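Numbering (the working numbering), first residue to last: 642 to 898.
Built from N, CA and C at the ideal position, the CB exists for glycine as well.
Bear in mind that the values here come from a model prediction, so they are computed numbers and not experimental data.
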Amino acid sequence: MSALRFAPRLLAATPAFKAPLRAFSATPAAFHHCAAIVQKPAPSFKAAAVLPSKQFGSVNLDDYKGKKWVVLFFYPLDFTFVCPTEIIEYSERSEDFKKLGCEVIGASVDSVHSHLAWINTPRKSGGLGEMKIPIISDITKSISKEYGVLIEEAGIALRGTFIIDPKGILRQITINDLPVGRSIDETLRLLEAFQFTDLHGEVCPANWKKGAKTMKPDPVKSKEYFNAILLLYPVPNKGEAHDTLLQAVVIWLVLVD
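Dropping the structure here:
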């Protein structure tokens with residue numbers, strides 16, 4: 642019996658997906674120039690910036706190599722809406738990152754003059770107020786393009802977050818569409834996870850948080866972890882087990898047809 646005859650039923654049971662409307666969309670051309678690849682060196686840059694002292698200066702990514710982890714995050718534009726909530730949160734949590742040997746750098750396509758004006762605007766009026774992190778100006782859009790976050794037809798960056806280790810290697814990339822802000826707690830969780838694996842050689846399972854169990858990347862030794870987590874999951878009753886088995890068989894038949 643051909644397993645393909647199951648496919649129409651599976652498709653019919655799947656709710657229709659409707660893409661949400663948005664002001665801008667990322668064109669595939671925006672990613673043709675992307676040099677930011679996990680496990681590869683992060684694209685180097687030197688850019689003008691507004692420093693925490695409110696002075697104009699510059700940030701050179703190579704200055705952190707061999708010394709610090711870096712969280713580089715892009716946001717669309719100054720004087721917008723979701724952006725200040727993210728930037729302020731990254732700034733206020735900067736000490737948490739520093740305790741992990743990590744520096745946080747913000748970036749957008751705005752000029753340093755726009756950055757400074759926004760920093761000098763009170764938070765109650767939608768401004769940034771005092772900043773504890775540098776914000777770089779990617780006014781030529783070259784950095785955003787190198788990191789694959791530039792929406793070329795709009796001339797702004799998506800909400801991209803990049804974790805870079807002290808060797809200058811990209812370890813993690815997250816890119817949000819424009820309407821949804823990031824979780825700074827999640828950035829910290831990922832940073833702690835990569836640091837743990839580098840230090841201990843073990844791997845972090847789904848939803849891992851500092852202090853939780855990890856596993857050894859070995860077919861035999863990993864069973865220690867799997868045996869432990871089985872105790873956390875309830876055994877399904879007979880009906881649930883039958884339904885789960887039936888679903889697994891149908892999916893397997895479609896895949897192997």
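Note to self: By DSSP's criteria, residue 856 is part of a beta bridge. Which residues make up the other side?
What the structure shows: Residue numbering aside, residue 856 sits at position 215 when the sequence shown is read from its first letter. Its beta-bridge partners are 844.
*Same chain only: Cβ atoms within 6 Å of residue 732, ignoring 5 sequence neighbours per side*: Counted from its first residue, the sequence shown places residue 732 at position 91. Excluding positions up to five away in sequence, the list reads 772, 773, 774.
task = Report yes if the C-beta distance between residue 835 and residue 800 is below 9 Å; otherwise report no.
result = By one-based count along the sequence shown, residue 835 stands at place 194. By one-based count along the sequence shown, residue 800 stands at place 159. No, Cβ-Cβ distance for residue 835 and residue 800 is not below 9 Å.
Proximal residues to residue 741 (C-beta, below 8 Å), its chain only, five neighbours per side dropped = As a first step, residue 741 is located in the sequence shown; it is residue number 100 there, counting from the start. Once the five neighbours on either side are set aside, the close Cβ partners of residue 741 are 710, 829, 832, 833, 836.
Next on the checklist: For a minimum of 3 consecutive residues, which ranges assigned as the beta strand (DSSP E) are wholly contained in the segment 794-842?
Outcome noted: 800-805, 811-817
Exercise. Where does residue 805 land, buried or exposed, given buried means 16+ other C-beta within 10 angstroms?
Worked result: Position 164 of the sequence shown holds residue 805. Buried.
### Query
Would residue 797 be called buried (16 or more neighbouring beta carbons within 10 Å of its own) or exposed?
Start at 1 with the first residue of the sequence shown, and residue 797 comes out as number 156. Buried is the call here.
Exercise for the section: Buried or exposed for residue 802, please, with buried defined as at least 16 other CB atoms from any protein chain shown within 10 angstroms of its CB. Expected result: Counting from 1 along the sequence shown, the entry for residue 802 is found at position 161. Looking at its Cβ environment, which holds 16 or more other Cβ atoms inside 10 Å, residue 802 is buried.
For residue 706, the nearest candidate out of 781, 842, 743, 854 (CA to CA)
Here residue 706 corresponds to residue number 65 of the sequence shown, with the count starting at 1. Per the Cα distances, 743.
* Given residue 853 as reference, the closest of 862, 838, 861, 675 once Cα atoms are compared -> Taking the first residue of the sequence shown as position 1, residue 853 is located at position 212. When each option's Cα is compared against that of residue 853, the closest is 838.
Rounded separation between residue 794 and residue 675 - CA only: Numbered from its first residue, the sequence shown carries residue 794 at position 153. Numbered from its first residue, the sequence shown carries residue 675 at position 34. Taking the straight line from one Cα to the other gives about 16 Å.
Write down the C-beta distance between residue 759 and residue 720 rounded to the nearest angstrom, noting that I regard them as a contact closer than 8 Å.
Position 118 of the sequence shown, counting from 1, holds the residue named residue 759. Position 79 of the sequence shown, counting from 1, holds the residue named residue 720. Rounded, the Cβ-Cβ distance is 6 Å, consistent with contact.
Notebook entry, point to check: Excluding the five sequence neighbours on either side, which residues of its own chain have a C-beta within less than 6 Å of the C-beta of residue 726, listed in chain order?
Noted result: Counting from one through the sequence shown, the residue named residue 726 turns up at place 85. So the list reads 822, once near-sequence residues are dropped.
(message) I'd like the span of the beta strand (DSSP E) that includes residue 710, first residue to last.
(response) In the sequence shown, counting from the first residue as 1, residue 710 sits at position 69. From DSSP, the beta strand (DSSP E) with residue 710 extends over 710-715.
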